[in-house]
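Quick note: the sequence shown, position 27, residue 26 per numbering that gives the first Met the number 0, numbers continuous. Even glycine gets a Cβ: it sits at the ideal position worked out from N, Cα and C. For clarity, every value in this text was computed on a predicted model and none was experimentally measured. As structure tokens, the structure follows; a few thoughts come after it.
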Amino acid sequence: MSFMRTKGLILATVLLSGCSVAQEQEGFNFASAPLGEVDFGSYVAGRFAHQTGDPRAADYLLRAADQDPGNSMILSRAFITLLTDGRFDQAAVVARRLYARDSDNSLATLFLALDSLKSGRYKQAQSYIDSLRTGGFEMLVAPIAAAWIHAALGQRDAALIALRPLDQMAALKPFAAAHRAYLLDYLKQDDAARAAYLAALEGTQMASLQPVVSYAAFLQGRGEGDKAVSVIDEYLKAFTDNAFLLKARDQLREGKTPDRLTATPAGAVSLVMFRAAGELDRDDAHRPAIVYARLASFLSPDMDDAHLRLANMLVEAELTDLALKELNKINKKASVYENAQLQAAWIHHQAGDLEKAVDLLQTYLAMRPESAQAWATLGDIYRSNEKFEPAVAAYTKAIHLNTNDPDVAPWFLYFTRGIGYERTDQFDKAEADFLKSLELNPDQAQVLNYLGYSWIDRGMNLEQGTEMIEKAVAQRPNDGFIIDSLGWAYYLRGDYKQAVRHLERAVILEPSDPTLNDHLGDAYWKVGRRTEARFQWNHALASDPEADQRALIEKKLQIGLELAQKEHEKDVAAAQTDNAGTVAMTSPSLGPKTSDQQRP
């Protein structure tokens, strides 16, 4: 029993081939209309607005379409934008216009079929499905939608026949097996449904775990509750801690029928559409994936998991306002509500709204103060904004709460709290946390790099620190930031030739980082390559360094490395007269730079 992971790429390729949305994303051919007939300004504004997530995108495109009513390409793009935005009522109006103009528009036809299916207008839905071109995504959804429409009309044999095309392709066969069982269950064909469920479960690969839960629900509905629980337990051996299976088992133990969308035609079709959207998204076809995920949520608006995954797709496509709207639809009692709140907070953080991000998390934590993941996320957001004291407090809460939370890695909590301590001049505590992190995850490159660098930067444990960084480099030989740490370690130990060798490679890997270029400039200066040193410092200045780093680099260009460092140390000492700080040994540093300090 396994998922179709190995066939995922094949499935995505099949779905994307001939995909009407993917083709629509490729561009727009103005040759289809004479110049002057297209409202060029509205069209360009609409395209730009759509790409940037501006909610006015569809309105711009509709305005352009009104200016040129014969141009189906503009109207089609407006339709796709309306679907992306989740504006289904307006999308239905535009879909009817497109279908009346061109019944070969597969996406408009599909949407009208789904709209009819959802509304219970099965005869009309059947008419639309029968006229649907079957290429790309429609190769999967058309047979399944047709089968469920027949089932809704009580046409058992026609429903089963409609699924047969899926049996002709290995990547689609598991979908046929699963939906054959769902259909027979829906039609109350108990003996046939039982046999179909067993056939789907005994297949070498399944499209998802949905057949397991649907079969358990089937058994529970026939008075076989104990057997239903044992079916779930058997699959939990292979899929330990799977939230979907655990929830189903809890419901069965309470005498309830597990939640499942396969009990209705609209729900069953929404599942396969959302699965296909996920495959497209994994194949980096983000915009088509969003459209099909929207269609899935249109059919099943209460599917909280789908709202969360759709929000993630929207974030990937940089449509963050739409993502936030999607997250707000998730029920507070849903198992994914916490993930939704954390995602929303992170979106606000990335948009530069620290206050909103923190408020959101604190509101959530007031409701669920036992959430280690929420405290850890709060710490991450504070740390990313260099608010290290509250970050330490949040990480401490997470550490005390985190026992068996699979979403929070203990080693990372100690590592990030250690960063907070190090940045607030509490190195004894930082060192203890870094060592604890390594105790939990001995070969973690980020921690090896950070602790090794921190020791060397303070003149401590020079040999051991260098060995740690070398171990980190061995694990991540193409990480420019870790290689920079190794080069800087040799620099601080006075081995300037070795420093140059490693720092040159670091800059090759991360050519636009100001700190790495600054370090290489210092090393060049020490080995007498003054012209190259000045070149690297100038390159560092062009790479937008922090203000204090910029000031020191400019001094180095004016008076040379040694004099600039002496003046800098005097300036720092004067500035820290009223503070308990330490003077940097060399260039100003906020610890080693790393390519990833986000939670795994």
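DSSP places Arg549 inside the alpha helix (DSSP H), whose first and last residues are Ala546 to Ile558. By the beta-carbon neighbour count (other beta carbons within 10 angstroms, threshold 16), Asn448 is buried. Short of 6 angstroms from the beta carbon of Glu466, and not among the five residues preceding or following it, lies no beta carbon of its own chain. The residues Leu519, in chain order, have a CB closer than 7 angstroms to that of Glu503 in the same chain once the five nearest residues on each side in sequence are set aside.
Taking the Cα positions, Gly559 is about 23 angstroms away from Ala505. Unbroken alpha helix (DSSP H) runs of no fewer than 4 residues, entirely contained in the stretch 150-233, are found at 155-161, 172-185, 189-201 and 209-220, following chain order.
Non-local beta-carbon contacts of Gln219 in its own chain, meaning distances under 7 angstroms to residues more than five positions away in sequence, involve Ala227, Leu251 and Thr256 in chain order. Assigned with DSSP and collapsed to three states, Ile482 falls in helix. When the Cα atoms are used, Ile231 and Asp225 turn out to be separated by approximately 10 angstroms. With a cut-off of 8 angstroms on Cβ pairs, the stretch 99-108 is in contact with the stretch 70-77, counting three or more such pairs. Shown here for Asp166: same chain residues with a beta carbon closer than 6 angstroms to its own, the five before and five after excluded, namely Lys172 and Ala175 in chain order. Counting only residues of its own chain and dropping the five nearest sequence neighbours on each side, Gln125 has a CB closer than 7 angstroms to the CB of Ile148. Rounded to whole angstroms, Ala177 and Asp84 show a C-alpha spacing of 31 angstroms. Counting along the chain, Thr319 sits inside the alpha helix (DSSP H) bounded by residues Thr319 to Leu326.
Spanning the alpha carbons of Ala295 and Ala161 requires a straight line of approximately 20 angstroms. Annotation: the continuous alpha helix (DSSP H) that includes Met366 extends over Leu353 to Met366. Boundaries of the alpha helix (DSSP H) harbouring Met467: Leu461 to Gln474, taken from the DSSP string. The stretch 278-298 makes no contact with the stretch 200-214; the number of CB pairs closer than 8 angstroms stays below 3. Its Cα nearest to that of Ala393, the residue Tyr413 stands out among Tyr413, Asp406 and Asp404. In terms of Cα proximity to Ala498, the closest of Gly119, Gly486, Asp67 and Pro300 is Gly486. Secondary structure at Asn338: helix, using DSSP grouped into helix, strand and coil.
Note on Ala350: under 16 other CB atoms within 10 angstroms of its CB, so exposed under the neighbour-count rule.
Under the three-state reduction of DSSP output, Thr423 falls in the coil class, being neither helix nor strand.
In this chain, the alpha helix (DSSP H) harbouring Val446 covers Ala444 to Asp456. In this structure, DSSP gives Pro287 a helical state, which the three-state scheme calls helix. Note that the C-beta distance between Leu113 and Phe273 is not below 8 angstroms. Between Ala371 and Leu400 the beta-carbon gap is near 4 angstroms, inside 8 angstroms, which marks them as a contact.
Val212 has its alpha-carbon roughly 15 angstroms from the corresponding atom of Gly222. Contact check for Tyr381 against Ala375 fails: the beta carbons are separated by 8 angstroms or more.
Contact check for Ile552 against Asp512 fails: the beta carbons are separated by 8 angstroms or more. The DSSP assignment places complete alpha helix (DSSP H) segments of no fewer than 4 residues inside the stretch 484-534 at 495-508 and 513-525, in order along the chain.
In this structure, the straight-line span from the alpha carbon of Ala550 to that of Asp65 is close to 57 angstroms. Residues of the same chain with a CB within less than 8 angstroms of the CB of Leu359, apart from the 5 flanking positions on each side, are Gln340, Ala343, Ala344 and His347 in chain order. Cβ-Cβ distances below 7 angstroms link Lys328 to His306 in the same chain, with the five nearest sequence neighbours on each side left out; the list follows chain order. If you draw a straight line from the Cα of Asp129 to the Cα of Glu369, it is about 53 angstroms long.
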